[in-house]
Amino acid sequence: ETGVTQTPRHLVMGMTNKKSLKCEQHLGHNAMYWYKQSAKKPLELMFVYSLEERVENNSVPSRFSPECPNSSHLFLHLHTLQPEDSALYLCASSPEGQRITGELFFGEGSRLTVL
Amino acid sequence: GQSLEQPSEVTAVEGAIVQINCTYQTSGFYGLSWYQQHDGGAPTFLSYNALDGLEETGRFSSFLSRSDSYGYLLLQELQMKDSASYFCAVRGEDSSYKLIFGSGTRLLVRP
């Protein structure tokens, strides 16, 4: 139990579907992140929210849409995805001090398969 | 740009010592972090080095040489449960919120 919970753990969707990934952290952290993990590639940062404001948007296609309604919850809305978007999507959180120590607290991820 | 290089795979025997190397390229350096990830699990923070030298935490140690842009993770008294992927990471040059990760080293511990 990492204190960061992601649902669903597995998701299969067609290219025309709309779905959402949910992340909840119980650690009292101020910042939340979405990372994408594909086979044999480094983790790629997608979005960062600090105090519910987006502070990073790494040239992510608009078919991915994040939402952070409060400091404990983070969503990733998915729409009209492509098969190459199939990957493990990891949510993470950090206290303000992460910027010094590089410590993120990750969830176990949502495994997405796009057919 | 920024990049990190680490071996893709390492194999070692239970009870042995293994070293996982990481070299990095970055114009602004704020420290080197290490993470462990078991198959199907969450990446878990292991250590952080901002200054040169060795940091020890139980069976795991992490080393940094800033002049060589190099670090390593040392795992001693290997156990089967240490089989996992290990990632090094540095902070982004353009953002204090961004961690740039290496591609990971898959460690296989054999009996």
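Quick mapping for you: the protein sequence lines, in order, are chains Z and Y.
The first sequence lines up with residues 1 to 115 when you count with my numbering.
The second sequence lines up with residues 1001 to 1111 when you count with my numbering.
All C-beta atoms in this analysis are idealised placements derived from N, C-alpha and C, irrespective of residue type, glycine included.
A quick note: this is a predicted structure, and the numbers were derived from the prediction, not measured.
Report yes or no: is there a C-beta of chain Z within less than 8 angstroms of the C-beta of residue i?
i	result
Y1072/Y	no
P1111/Y	no
F1063/Y	no
F1045/Y	yes
G1041/Y	yes
Does residue i have its Cβ less than 8 angstroms from a Cβ in chain Y?
i	result
T2/Z	yes
G102/Z	yes
G14/Z	no
A39/Z	no
G109/Z	yes
A87/Z	no
W42/Z	One point to set straight first is that residue 42/Z is Pro, not Trp, in the sequence displayed. Cβ-Cβ to chain Y under 8 angstroms: yes for P42/Z.
V55/Z	yes
L115/Z	no
L45/Z	yes
V60/Z	no
For my contact list, residue i and residue j are in at a C-beta cut-off of 8 angstroms; report their separation, rounded to the angstrom.
i	j	result
F106/Z	K22/Z	Not really, about 15 angstroms apart at Cβ, beyond 8 angstroms.
C1088/Y	L1032/Y	6 angstroms
L104/Z	L1099/Y	7 angstroms
L112/Z	D85/Z	7 angstroms
E52/Z	A1042/Y	No, E52/Z and A1042/Y are not in contact; Cβ-Cβ is about 23 angstroms, not under 8 angstroms.
L1107/Y	V1010/Y	5 angstroms
A31/Z	Y1097/Y	7 angstroms
F1101/Y	R1066/Y	About 19 angstroms; that fails the 8 angstroms criterion.
Y1035/Y	T1026/Y	No, Y1035/Y and T1026/Y are not in contact; Cβ-Cβ is about 17 angstroms, not under 8 angstroms.
With DSSP as the reference, identify every bridge partner of residue i, one or two as the case may be.
i	result
E126/Z	Residue 126/Z lies beyond the stretch modelled for chain Z, which goes from 1 to 115, so this question has no answer here.
Y1091/Y	Reading off the sequence, residue 1091/Y comes out as Arg, not Tyr. Answer is L1099/Y, bridged to R1091/Y.
M32/Z	Y49/Z, S93/Z
I1020/Y	L1073/Y
S1083/Y	S1083/Y is not bridged to any residue.
T113/Z	V12/Z
Does residue i come out as helix, strand or coil in the three-state DSSP assignment?
i	result
T1011/Y	strand
T1105/Y	strand
M15/Z	coil
T1026/Y	coil
Worksheet item: What are the start and end residues of each continuous beta strand (DSSP E) run of 3 or more residues lying completely inside the stretch 35-99 of chain Z, in chain order?
Response: 44-50, 53-57, 64-70, 73-79, 87-94
Item to complete: Anything in the stretch 1077-1106 of chain Y with a Cβ closer than 9 angstroms to a Cβ of chain A? List those residues in chain order, please.
Response: Chain labels in this structure do not include chain A; the protein chains are Z and Y.
Practice prompt. Please go through the stretch 1033-1079 of chain Y and give each complete beta strand (DSSP E) segment of 3 or more residues, from N-terminal end onward.
Written response: 1044-1049, 1053-1057, 1060-1065, 1070-1075
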